[in-house]
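Chains as they are written, first to last, in the numbering used here: chain A, -12 to 222; chain V, 111 to 406.
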């Protein structure tokens, strides 16, 4: 019975969403609003139970874990572990609590300026911590991967295939970098090199486009299989 | 056992697992028997320090130059030149502008860059008295987007142009957000769509619907896998660093232009390193490669 209801709800909602391909209509609007509303509520509940309670309330007041427990013995272990923590590990959680409360001052027009402080803190923290991370993963790693010999001579002698591959990699990276130069007009030899760079990018985009379209087709096939099961269940 | 007990038990199991993971991390930090090695400098990361020093050094140099009144040339970026055209079209048609700063939270650098651009776009829309609708995927972005739009309106001398209801949190669920955005596109018919930020699988859906509504579309992202879709479905696409250059380009702020120049100088040095390194690797000398491989 439960599977039948799932099939019918899923099948009807899928048809409602697909009806958008014809034009915007009340069925699509219903499915859209249902999806947005349910998911917004779902994520609020997830955030409450996976962030607010375990990362804040449990640390500030460990006995609160007993309130949610069906099995008190299980909760006792967690409560004892929380009590065993250093004081700063528990009460340090007051800092994000205060920052969160400062965010809520947005609801008070005369005190809303206070909310800019936690925002500034989070943006500054994100920018600072991301700097070295991106440098390592996107910049240094790219340099490392491009420092390759232009002519490859292996144990079996000269390798034409590997040499062409390396030349394409190094040449492609250099010409694409020229395209991203903003200090010089793209004219003359510089413009020609930048044009080669944009061609390299477009060829890469074309390959990625085709690859992803294939993945999307497989998603569509999966949905069609579901619709097939639904129709089978009707007849 | 009552049904409510089962629910409570299931909820607790998930909750306890989260706390246990947190505790394990904390205990590891406190109770580990490893001997700490306190060093101010990790030689394995010298390559990162070198890049940071070159980048910040050149940025500071060019910022000082701009303060001294030196003119810094920046080439034309077609996608950004088209921003005024797109907003102008929306003005003529009496339709709003749609601005989506991606679907990632504020801890993503693209979202931060997008918020800076939003200020400038809002300044332009406020000047032309066109409303800008900002659908959001993350709740924390609501106050940030509000501040950005408000700031843009203030810079235009039109604080009354700020409409709080146009900054809309839809859902944190990726495709529920996408459905909401396509609904806005169909019902409010924005004539200029800006998709600037970190996008994922929803990129093609929203840009296709925007194309179908006849809007001028300008997209920009550093998510390489989504660029092909924007290139295919939008009028202009800012590729990678063009997107990060947008805030400096649009505002023409001399100090921000200094950062662009600094980044260009870093790129020139990087190209020199690549060329020299490749020739050295050809000759069997891999010292440069090992230097950049350290700490990775």
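Cβ coordinates follow ideal geometry from the N, Cα and C atoms, glycine included.
Pairing residue 86(A) with residue 59(A) gives a Cβ-Cβ distance that is not under 8 Å.
In the three-state reduction of the DSSP assignment, residue 29(A) falls in the helix class.
Residue 353(V) places its beta carbon less than 8 Å from that of residue 306(V). Of 177(V), 199(V), 197(V) and 253(V), the smallest CA-CA separation from residue 95(A) is found for 253(V). At the C-beta level, residue 4(A) and residue 383(V) stay beyond 8 Å of one another.
For residue 377(V), the residues of chain A that pass the 8 Å Cβ criterion are 164, 167 and 168, in the order they occur in the chain. Contacts with chain V at 8 Å (Cβ-Cβ) include residue 171(A).
Counting only the Cα atoms, residue 335(V) lies some 11 Å from residue 308(V).
Residue pairing of residue 245(V) in beta bridges, as defined by DSSP: 278(V). Residue contact with chain V for residue 60(A): absent (no Cβ-Cβ distance below 8 Å to any residue of chain V). Beta-carbon to beta-carbon, residue 181(A) and residue 173(A) are separated by about 5 Å, close enough to satisfy the 8 Å threshold. At a cut-off of 8 Å between beta carbons, residue 195(A) contacts chain V. Beta-bridge annotation (DSSP): residue 140(A) is paired with 145(A). Under the three-state reduction of DSSP, residue 350(V) is assigned to coil, being neither helix nor strand. The three-state secondary structure of residue -3(A), taken from DSSP, is helix. Take residue 269(V), set aside five residues on each side of it, and the residues of its chain with a beta-carbon closer than 8 Å to its own are 260 and 263, in chain order. Interface with chain V (8 Å Cβ-Cβ cutoff): residue 121(A) is included. Neighbourhood of residue 158(V) in chain A, by CB distance below 8 Å: 119, 122, 123 and 127, in chain order. Assignment of beta-bridge partners to residue 208(V) by DSSP yields 243(V) and 303(V). A direct Cα-Cα distance of roughly 11 Å separates residue 167(A) from residue 370(V).
Between the beta-carbon of residue 317(V) and that of residue 329(V) there is about 6 Å, and that keeps the pair under the 8 Å contact cut. Separation of the CB atoms of residue 213(V) and residue 312(V) is rounded to 7 Å, and the pair is thereby assigned contact status at 8 Å. The CB of residue 355(V) comes closer than 7 Å to the CB of 169 in chain A, given here in chain order.
For residue 188(V), the closest C-alpha among the options 182(V), 345(V) and 163(V) is that of 345(V). Judged by their CB atoms, residue 217(A) and residue 8(A) are not nearer to each other than the 8 Å cut-off. Following the DSSP letters along the chain, one finds residue 76(A) inside the alpha helix (DSSP H) bounded by residues 74 to 78. Against chain A, the CB of residue 296(V) has a partner CB under 8 Å away; the residue lies at that interface.
Annotated as distal: residue 107(A) and residue 69(A), with beta-carbon spacing of 8 Å or more. Per DSSP, reduced to three states, the secondary structure at residue 184(V) is coil, with no helix or strand assignment. Distances from the CA of residue 184(V) to each of 393(V), 364(V), 386(V) and 388(V) were compared; the closest alpha carbon is that of 364(V).
When Cβ-Cβ separations below 8 Å define contact, residue 130(A) makes contact with chain V. Contact annotation for residue 370(V) against chain A: 169 [CB-CB distance below 7 Å, chain order].
Apart from sequence neighbours up to five positions away, the residues of its chain that approach residue 399(V) with a beta-carbon distance below 7 Å are 387 and 391, ordered along the chain.
Judged by DSSP secondary structure, residue 209(A) falls within the alpha helix (DSSP H) whose first and last residues are 175 to 221.
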